[in-house]
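All remarks here apply to the structure that follows.
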Amino acid sequence: MTRSRRAVNNRIRGPQSALTEFLASQGISAADIHTDHQRRVREAEEQAAAEAEGEDKENESADDGEDPVERKKRKRKEEKALNKIKQTKEFKKRKFEEQKDFGSDAEDDDAIARQMMAKNKPLPGQLENCELCEKRFTVTPYSKTGPDGGLLCAKCSKEMKDDEKKSQKAAKKKVPAQRGRKRQTESDRMMGDVKPGAKSLVDACVRKVADVVNDVEDFGDMPESLLDRMSQILSKKRVLTPRTLNLFLRDDVDHIDVYDCGKLETEDFARIFAHMHHLVAVNLRFAGQMKDDAIRYMVDKCDSLRHLQLGAPNLISEDAWLELFRERGSQLESLKLSDLQGYFSDVAAIEMAQHCVNLKRLKLRGCSHLTESSIKSFANLPSLEHLTLSVAQMDTTPDTLIDLITKLGPRLKTLCLEGFDLDEDHGAESEDSSSVDTSNAHDEVLHAIHTHCTQLSKLRFTGNSHCTDQAFATLFSAWNNRPLKLADLSECRWIDNNDPVGPEDYPVGFASEGFKALMAHSGTQLEELNLHSCRHISHKALTEVFDGDKKYPELRSIDMSFVSQVDEEVMAGICKSCPALTKLVVFACFNARGADIPPGVAVIGLPNAQDNIVIQGFMDDLLTKSMA
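Take the sequence shown: its position 207, counting from 1, is numbered 207 in the UniProt record's numbering, and each next residue is one higher.
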């Protein structure tokens, strides 16, 4: 054991003795190394002493104006404070850390103590100079710290506190909402939820239930209005699945509203009618998986069906449509079909017009296989009061629409003709074209509305590029019809790439004169106005209608998107003339970016519009009204 330990020691000493021999061969000894180290330490101490002496001389020169007695007194207090600091645990901890980090190069005790003393604040009752105004004051426990670490007097503290409050208030006002929250707010505005401020407790609860819907087993006795709201939110979130559909299958309600059936399977539609065979109203949107079996099951089980709305049911065959109209057509009061690109053709439409004699509301939108024959058959519906058509083909003539309006117009309460950019040449060749001036056949459609429609509360005439502004003005001038509540004349404008402005003497599209006639006729009762892309309305007409003096007390929603003449002046006039306004859509109205927005108005399409909300004028108006 001893022999092995000795061998290990020899192995350790081997390299050391080799290093000693090498240093000796180079003329280097341990004594020389120790001497050089002592010399470097001595030189460093001498240099530090010289620097300290220089600092003392500078301090003395700086204190030449100070009384010698006061100087000695101050130095004595300083030394006493330094000694007191050296006795503290914090000093010993600081010194230990300095030695641990820097070793022999660590600062001396006086330097460390002076640094600590510089950071220490004067105690309450002591005198100190204010960092900002340099005024001498007595330190209190409530003295504030200045920007550079010094103390402030009472006056400067108050001023600094006021400045901080102002800066915090400005920062709070300019801080944008969180990205996710701002996106949700804009989404709510696009969906029509434009009420400012916090959501109601009921709405907040419904949204919370929608977030955890996969953990919900039953909605219980939830009112029908909240059940519909729940369906809207779940459809918007794309979480309405066969499992969540079970929550809406209730025996105590007679209608079903599913706004997104995209995740439902074919058998889920039959399951709806099996659980709720007493349905009166069916509303199924995006029903792409609905097939003939589901339609036939509905025809067989739902004896009380009165209202039917289907969206995109393109897998239903023509035979199934015919069976539906023949079996249940006589009891239907409203029929709404949209986005039908499949088997719904003229045969099914004519069969519907023949059997659905009690229809009061008909809406066909995006049914691409319908032609002029279908539109002619709709004129024979005896009870129709609400008509929406967006099925125009290239061969649709003005005569067809004129005949339709002539027969149905006296009973109609709402009329929506979307995208009927009529084929005038084809109309000139039709059999009944002799009764129409084909050089102005499109205007004759507006003249027919003016003559035969006397009970309309809603008019939507969109996507036309041939009707003239004078015809629109004539439509609303001396019109024997009550004021409209909804007017939609969007995309009625001249279209020609070679001549984007169009004829100036005889404007084509819904322009200035038509706009002024509309507001003169219906401005007092109008609630919604859509002038999207009506780019021929002049700035003069806009400021004349919305001048701030004329009032439109019921107007709540306006769409002025792509009306290039809308600027800050027009925006201000709209806000003054429409006291009930809650929603204003102004996409591509780039001249209105600096407009002031009154509280309670949701502006959509204008970047950072909500940052321009003005409170002062709004409060002044409230005070004026209250005093009056």
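Just so it is clear, CB atoms sit at the ideal spot from N, CA and C, and this is done for glycine as well.
Exposure of residue i, with buried meaning 16 or more beta-carbon neighbours within 10 Å
{"i": "Y552", "result": "buried"}
{"i": "F273", "result": "buried"}
{"i": "E372", "result": "buried"}
{"i": "D496", "result": "exposed"}
{"i": "residue 631", "result": "A question about residue 631 goes unanswered here, because the residues of the chain that appear run from 1 up to 628."}
{"i": "R535", "result": "buried"}
{"i": "H521", "result": "buried"}
{"i": "H466", "result": "buried"}
{"i": "A511", "result": "buried"}
{"i": "F96", "result": "exposed"}
{"i": "E513", "result": "buried"}
{"i": "N464", "result": "buried"}
{"i": "I375", "result": "buried"}
{"i": "V282", "result": "buried"}
{"i": "G523", "result": "buried"}
{"i": "L484", "result": "buried"}
{"i": "G409", "result": "buried"}
{"i": "R243", "result": "exposed"}
{"i": "F562", "result": "buried"}
{"i": "I33", "result": "exposed"}
{"i": "E164", "result": "exposed"}
{"i": "S143", "result": "buried"}
{"i": "I599", "result": "According to the sequence shown, residue 599 is Pro rather than Ile. Classification of P599: exposed, given that the 10 Å Cβ count is below 16."}
{"i": "L156", "result": "The identity of residue 156 in the sequence shown is Cys, whereas the question assumes Leu. C156 should be labelled buried."}
{"i": "P507", "result": "buried"}
{"i": "E43", "result": "exposed"}
{"i": "H442", "result": "buried"}
{"i": "V213", "result": "buried"}
Cross-strand partners of residue i (DSSP beta bridge)
{"i": "E418", "result": "T462"}
{"i": "G509", "result": "R493"}
{"i": "A113", "result": "In the DSSP output, where bridge partners are listed per residue, A113 has none listed."}
{"i": "V282", "result": "I256 and L308"}
{"i": "A270", "result": "Bridge partners of A270: none, in fact."}
{"i": "N129", "result": "R136"}
{"i": "I558", "result": "L529 and L584"}
{"i": "A487", "result": "L459 and L529"}
{"i": "R365", "result": "S338 and S390"}
{"i": "L151", "result": "T145"}
{"i": "T468", "result": "V508"}
Supposed contact pair residue j and residue i - C-beta distance, whole angstroms, cut 8 Å
{"i": "S533", "j": "E491", "result": "5 Å"}
{"i": "L335", "j": "C356", "result": "6 Å"}
{"i": "N380", "j": "A348", "result": "The Cβ separation is near 16 Å, so there is no contact."}
{"i": "L415", "j": "F476", "result": "Their Cβ separation, rounded to whole angstroms, is 14 Å, which puts L415 and F476 out of contact at 8 Å."}
{"i": "T241", "j": "K208", "result": "Going by Cβ atoms, the distance from T241 to K208 rounds to 19 Å, so no, they are not a contact pair."}
{"i": "Y297", "j": "W321", "result": "Not really, about 15 Å apart at Cβ, beyond 8 Å."}
{"i": "T474", "j": "H450", "result": "7 Å"}
{"i": "K413", "j": "S457", "result": "6 Å"}
{"i": "L581", "j": "I558", "result": "7 Å"}
{"i": "L446", "j": "F472", "result": "7 Å"}
Beta carbon of residue i nearer than 8 Å to that of residue j
{"i": "S602", "j": "K576", "result": "The question names Ser, yet the displayed sequence has Ala at residue 602. The answer is no: Cβ separation not under 8 Å."}
{"i": "A294", "j": "A312", "result": "no"}
{"i": "A588", "j": "A572", "result": "no"}
{"i": "I405", "j": "C453", "result": "yes"}
{"i": "F248", "j": "S231", "result": "yes"}
{"i": "L417", "j": "F461", "result": "yes"}
{"i": "E351", "j": "F325", "result": "yes"}
{"i": "residue 637", "j": "E385", "result": "This structure cannot speak to residue 637, because the chain is shown only from 1 to 628."}
{"i": "D268", "j": "R238", "result": "no"}
{"i": "V139", "j": "L151", "result": "yes"}
{"i": "G288", "j": "N314", "result": "yes"}
{"i": "T279", "j": "I256", "result": "According to the sequence shown, residue 279 is Leu rather than Thr. Going by C-beta atoms, L279 is nearer than 8 Å to I256."}
{"i": "R556", "j": "E527", "result": "yes"}
{"i": "N358", "j": "E333", "result": "yes"}
{"i": "V258", "j": "R285", "result": "yes"}
{"i": "E318", "j": "S345", "result": "yes"}
{"i": "E131", "j": "F137", "result": "no"}
{"i": "H275", "j": "K301", "result": "no"}
{"i": "I112", "j": "E98", "result": "yes"}
{"i": "V585", "j": "I604", "result": "yes"}
{"i": "K516", "j": "E544", "result": "yes"}
Starting from the N-terminal side, write out each stretch of the beta strand (DSSP E) that is 3 residues or longer and does not extend beyond the stretch 574-615. 583-585 and 602-604
Any beta strand (DSSP E) of 3 or more consecutive residues that is wholly inside the stretch 513-539: 528-530
Could you give the uninterrupted runs of the alpha helix (DSSP H) lying entirely in the stretch 201-243, keeping only those of 4 residues or more? 201-211 and 224-236
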